[in-house]
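Here the structure comes first, spelled out in structure tokens, and everything after it is commentary.
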Amino acid sequence: MGGTGKGKRRKREKVIGTGLEHLSEFVEEKKVLKGKRRRGSSGEDGKVGKRKKRKSVITEVEDEDLSGEEFPEDLSDEEEDVDRDDQRSGKNKEVLKDIEDFDEDEDENVEIDDVESEDSGAEVPGRGLISDENATWLKPKHGKQQLLSDEDDDEDHDEDQFEELEVEKQARELDEEDDRVRKEADDEMRFNIEETEKQARLESGATAGGDAKLSRDEIALRLRRNLAVLKDFKELRDADKSRSEYVAEIIEDLAETYSYIPSLAERFFDIFPNEQCIEFMEAMDNPRPLTIRANTLKTRRRDLAQALIGRGVNVDPIDKWSKVGLLVSESQVPVGATPEYLAGHYMIQAASSFMPVIALAPQPDERVLDVAAAPGGKTQYIAALMNNKGVLIANDAKKERIKALVGNLQRMGVENTIVSHYDGRKLPEVMKGFDRVLLDSPCSGTGIISHDPSVKTQRTNEDIARTVHLQKQLLLAAIDSCNAESSSGGYVVYSTCSLMVDENEEVVDYALRKRFVKIVPAGLPFGVPGFVNFKGTRFNHQMLEARRIYPHVHNLDGFFICKLKKTKNGVRSKHVVDDINAEKREESETVDVQVPPAKPKPGTSKDAKKKTRLRDKDEKTRGRRRIKEEVAVDSEQNTNDEDKSARVKTKKAEKERKVKAKSSERLESENGKSSKEASNGLDNLKRKDKLKKLQKKLSKKAAPKSKS
Amino acid sequence: MRPLTEDETRAVFEKLSKFIGTNVKLMIERKDKEIYCFRLQKDRVYYTSEELMKKATNISRDSLACLGTCVGRFTHHKKFHILITCLPLLSELCEFKVWLKPSQEMSFLYGNHILKAGLGRITENTPQNTGVVVYNMAGTPLGFGVTARTTQEARKAGPTDIIVLHQGDVGEYLRFEEQNPACAV
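Here the protein sequences line up with chains U and W, keeping their order. Using the working numbering, the first residue of the first sequence is number 1, and each one after it goes up by one. Using the working numbering, the first residue of the second sequence is number 709, and each one after it goes up by one.
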């Protein structure tokens, strides 16, 4: 039986295991504890003798053995061990007494060890810790004796310095290896960052290739850094990097981090500057709270809340602004299948979609139209506010959705509603004269990404352009079907679940130009005012009355609501538009003139000043052309009876304008939108031809009129 | 959309009178003095106010999906089937009622008959084979059916005996959402 017995030990470990295979972490902790203990005892005695160390080891054995008795299943796989334990238990007590005398502090440590070792099983003491002393009373079976003594020999060498077990050694080695690997990875990463930074500096912006290498964290880091730079651009900027490059990088990173397509990320970044955009995108990744709306036709909110709480659905009132909304905080049953739901006592509806109906404020006995009604949440709310009286027409263009619409309305007990299936653009041909019209327009859904994340990756610019076109047509149709002379109403509410300016402000602005409508306060409890100036495009100043709902600000779905009051039936033709603009100008002239039109910012360069001067010039000439054009169009439509009054107004305005030609021209340069309209107007060719003809006519007509 | 013919009117009123008996005439001569009428659109029968009906005449036959309340529909064999959508009407005017215990609510909403075990209350002197409206104990109408036993018999019946045969329940709004029978488009 020569050799170190390593082979046998390995074999044994293979067959019965060491019991420590999965417990390297415990070993680790124990090591720490032991270290403490060693330090503690050395603090007492000054010098740690081998004997004392051994004793401490024995205590460990004892206690662990005792604990082993509490967990016989750990031992059961090796009967000899159990026998050994029995043999030992008598002597253990004596040894224990000695140890108690020896050191109390040590006992505490032992206890801790004990607790730990409960999990580690009986093998721990059985194998590694039997020292020479134990051999006197430990009587391993024949064949194992040799093994144990060999082990002891091996470990004695180690014990002299560290008292380290084989496993511990292995664990330590593993840890060291781990540390090394981690350190290397760290170094590599730091190196990577430096490299990419260098790259970014060199290529200045064109980092598309380098991005692939960047990890998520690095992108987030870069994003934050770039945003910080934008905040204090002058101080923090990299001299060779322009603002647009920074912005491009930010958009790229945003798209990458929140998995948007870049074009959409760019659009959002335009709407939400800097950190707001991150907040917004983060809010979009979290679901909004589930809300329900009590159906006041069938129940009251308090009763509903009681009934639902009885079913294990935790509900709270939404907020002060809604008397029908309930917030579902927790539910043990599906909220969409309770008997109350089926009986039509409530509707699952996002809180933000209450808003358009609140803005619409329908009254009983009115005629109301919902242009795009499915699936019927808002329609039902309208019916509830109308108290099932009057007439409500719910229209939708999609056949499949109409089924759901009818189902919801019937379930909720709505009786005053006709459901029709028309293309919303053709509705004015079918019915007109509504007191109120709600157009919750089909949209790109960029406000409800938390419901439908596919929007992030699927809405391209073309899609949005297509919806914008449809929305414009729908809004004009909605306004056309509304009756301006209605005694109680004449309101149109335009809403979308999108946040894009194209789909909202631009559409409303278009309608303002095409129809006799004005924006009125929506009567909503909160919301951000609409954009008046967006990326160089000016919108009607009334747009401040429109409301935007943001997920990161209001914790509701993104929404846009704009309430329009129809002032006059009919289509607004070109000259009338200009006329009204002129009136507006005259009204606000005194105020406006005081403010210089293009106030150069203090920081702008000479070039910029030059540009503004040039632009002013350009607009002056344009303005002059426009006046001529107005005159022309005016006389062209002289025959139109409907617009007679408007024509008179134009004449007045024209006269006044001639007097104040200079100032008004100057104002035009200020009012970028109106000049844009002029340039957008008739084709140049047509205009010239008509101009010539009609100026002659005008001069003839104007003469007798001025006499009279 | 057109008014009902005489045969159709008879079929509809016969069916309704099974549930609301002589109260049928209250549907035409309403307490609030408003004029209501029945209209047929694509085999569906709708019960609607006259004002609404007049407005609906603007809408073409192909595009009119629903108006007022859907009472039921005629089958190809010209039999009249009452639909769950008219539950509000029935519950308002019905003569005989059945109340369900909470334990049997969901079972009924899945389309099962009402057993004695789930019967909470029943109107006195309910005859056999009569239409009843089913409520839960909170008084919310959940559906309708036909009695299989009279009130007296129901008292003696065993716990698994069927008392009310299921005809319609509000669970159909979910179960038949796809082929919504009340929708005429």
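Even for Gly, the Cβ is constructed at its ideal location relative to N, Cα and C.
Item: Which residue comes first and which comes last in the beta strand (DSSP E) that contains L499 (chain U)?; Value: Neither: L499 (chain U) is in no beta strand (DSSP E) and is coded neither H nor E.
Item: Give the residues from the stretch 765-776 of chain W that approach chain U closer than 9 Å (Cβ to any Cβ), ordered along the chain.; Value: N766, I767, S768, D770, S771, L772, A773, C774, L775, G776
Item: How would you list, in chain order, the residues of chain U whose beta-carbon sits under 7 Å from the beta-carbon of P796 (chain W)?; Value: G413
Item: For I830 (chain W), does the three-state DSSP call read helix, strand or coil?; Value: strand
Item: Give the interface partners of I402 (chain U) over in chain W, defined as CB-CB distance under 9 Å, in chain order.; Value: A773, C774, N888, C891, V893
Item: Quick one: is C745 (chain W) near chain U, going by C-beta distance under 8 Å?; Value: no
Item: Taking a cut of 8 Å between CB atoms, which residues from the stretch 838-857 of chain W lie near chain U?; Value: N844, A846, T848, P849, L850
Item: Can you have a look at M735 (chain W) and say buried or exposed, based on whether 16 or more other CB atoms are within 10 angstroms of its CB?; Value: buried
Item: Would you tell me roughly how many angstroms separate the C-alpha atoms of K723 (chain W) and R781 (chain W), rounded to the nearest one?; Value: 11 Å
Item: Below 7 Å between beta carbons is the criterion; list the residues of the stretch 802-828 of chain W that meet it against any residue of chain U, in chain order.; Value: E813, L817
Item: Can you find the residues in the same chain that come closer than 6 Å, C-beta to C-beta, to F727 (chain W), ignoring five residues on each side of it along the sequence?; Value: L798, C802, G839
Item: Grab me the residues of P551 (chain U)'s own chain with a C-beta within less than 8 Å of its C-beta, minus the 5 sequence neighbours each way, in chain order.; Value: F280, A283, M284, R288, G447, S450, D557, G558
Item: Taking 8 Å as the cut-off, does the stretch 404-418 of chain U touch the stretch 461-475 of chain U (at least 3 CB pairs, one atom from each stretch)?; Value: no
Item: Counting beta carbon pairs with one atom in the stretch 505-523 of chain U and one in the stretch 475-484 of chain U, are three or more of them shorter than 8 Å?; Value: yes
Item: Taking the beta carbon of Q458 (chain U) as the centre, do at least 16 other beta carbons fall within 10 Å, making it buried, or is it exposed?; Value: exposed
Item: Interface residues of chain U around E885 (chain W) at Cβ under 8 Å?; Value: K403, A404, G407
Item: Beta-carbon within less than 6 Å of K432 (chain U)'s beta-carbon, same chain only, minus the 5 sequence neighbours each way: which residues are those?; Value: S481
Item: Closest by CA to A220 (chain U), which one among U:S263, U:Y258, U:N314?; Value: U:Y258
Item: Spatial neighbours of G866 (chain W) within its chain, please: CB distance less than 7 Å, with the 5 preceding and 5 following residues excluded, ordered by chain position.; Value: K824
Item: Using DSSP with H/G/I as helix, E/B as strand and the rest coil, what is Q363 (chain U)?; Value: coil
Item: What in chain W is Cβ-close to S420 (chain U), meaning under 7 Å?; Value: I767, S771, L772, A773
Item: Is it the case that the Cβ atoms of A383 (chain U) and L392 (chain U) are separated by a distance below 8 Å?; Value: yes
Item: In chain B, which residues lie with their C-beta within 8 Å of the C-beta of T834 (chain W)?; Value: Of the protein chains in this structure, namely U and W, none is chain B.
Item: Please tell me whether P339 (chain U) has its Cβ less than 8 Å away from any Cβ of chain W.; Value: yes
Item: Less than 8 Å between CB atoms is the rule here; does Q410 (chain U) satisfy it with respect to chain W?; Value: yes
Item: Can you check whether the C-beta of K864 (chain W) is within less than 8 Å of a C-beta belonging to chain U?; Value: no
Item: Consult DSSP for I449 (chain U) and reduce its assignment to one of helix, strand or coil.; Value: coil
Item: Between A248 (chain U) and V181 (chain U), what straight-line distance do the alpha-carbon atoms span, to the nearest angstrom?; Value: 36 Å
Item: Who are the neighbours of A343 (chain U) on chain W, taking C-beta pairs under 8 Å?; Value: T848, P849, L850, V878
Item: Give the straight-line distance between the Cα atoms of E764 (chain W) and S420 (chain U), rounded to the nearest whole angstrom.; Value: According to the sequence displayed, residue 764 (chain W) carries Ala and not Glu. So the alpha carbons of these two residues sit roughly 9 Å apart.
Item: What number of angstroms, rounded off, separates the C-alpha of N395 (chain U) from the C-alpha of Y381 (chain U)?; Value: 15 Å
Item: Any chance you could list the beta strand (DSSP E) runs of at least 3 consecutive residues sitting entirely within the stretch 762-836 of chain W, in chain order?; Value: 772-775, 777-782, 788-790, 805-808, 827-830
Item: Mind the definition here: the stretch 807-821 of chain W touches the stretch 743-761 of chain W only if three or more C-beta pairs lie below 8 Å; say whether that holds.; Value: no
Item: How about T713 (chain W): is its C-beta nearer than 8 Å to some C-beta of chain U?; Value: no
Item: Q332 (chain U) to A307 (chain U), Cα distance in whole Å?; Value: 14 Å
Item: Let me know the alpha helix (DSSP H) ranges lying completely inside the stretch 269-311 of chain U, each 4 residues or longer, listed in chain order.; Value: 275-285, 301-310
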